[in-house]
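In case it helps, full-length UniProt numbering puts the sequence shown at residues 1 to 78. We treat Cβ as the ideally placed atom computed from N, Cα and C, and that holds for glycine. Read the structure below first, then the notes.
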Amino acid sequence: MDSITFNLLTNKLKNAPQSVLERVIAYVDTLIEPTTISKTYTLTKEQQQILDNQINSDKSTYTEAETLYSDLKKKYEL
Numbered sequence: 001m002d003s004i005t006f007n008l009l010t011n012k013l014k015n016a017p018q019s020v021l022e023r024v025i026a027y028v029d030t031l032i033e034p035t036t037i038s039k040t041y042t043l044t045k046e047q048q049q050i051l052d053n054q055i056n057s058d059k060s061t062y063t064e065a066e067t068l069y070s071d072l073k074k075k076y077e078l
């Protein structure tokens with residue numbers, strides 16, 4: 001990075017509140033850390049198998065979320 005970039009960042013952040021600076025630091029840390037997949041949940045072997053089987057499934061058989069939501073609202077008169 002050249003000094004112009006650092007100067008630009010410094011000028012933009014010099015009067016920023018601490019919460020903004022913390023968010024910027026967290027964002028930069030995320031960008032430079034090696035990508036790791038960390039799940040905050042666990043799946044059973046059966047659940048993982050179901051997901052794995054969907055990887056190569058035919059996407060044309062999927063239903064759009066908005067359509068599903070609309071159909072459910074009509075069905076249950078919500």
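Contact annotation, V24 with L13: C-beta distance approximately 7 Å; criterion of less than 8 Å satisfied.
The three-state secondary structure of E33, taken from DSSP, is coil. Separation of L9 and P17 (C-alpha to C-alpha, rounded to the nearest whole angstrom) is 14 Å. In the three-state DSSP reduction, Y62 falls in the coil class, being neither helix nor strand. E46 sits in a helix when the DSSP states are folded into three classes.
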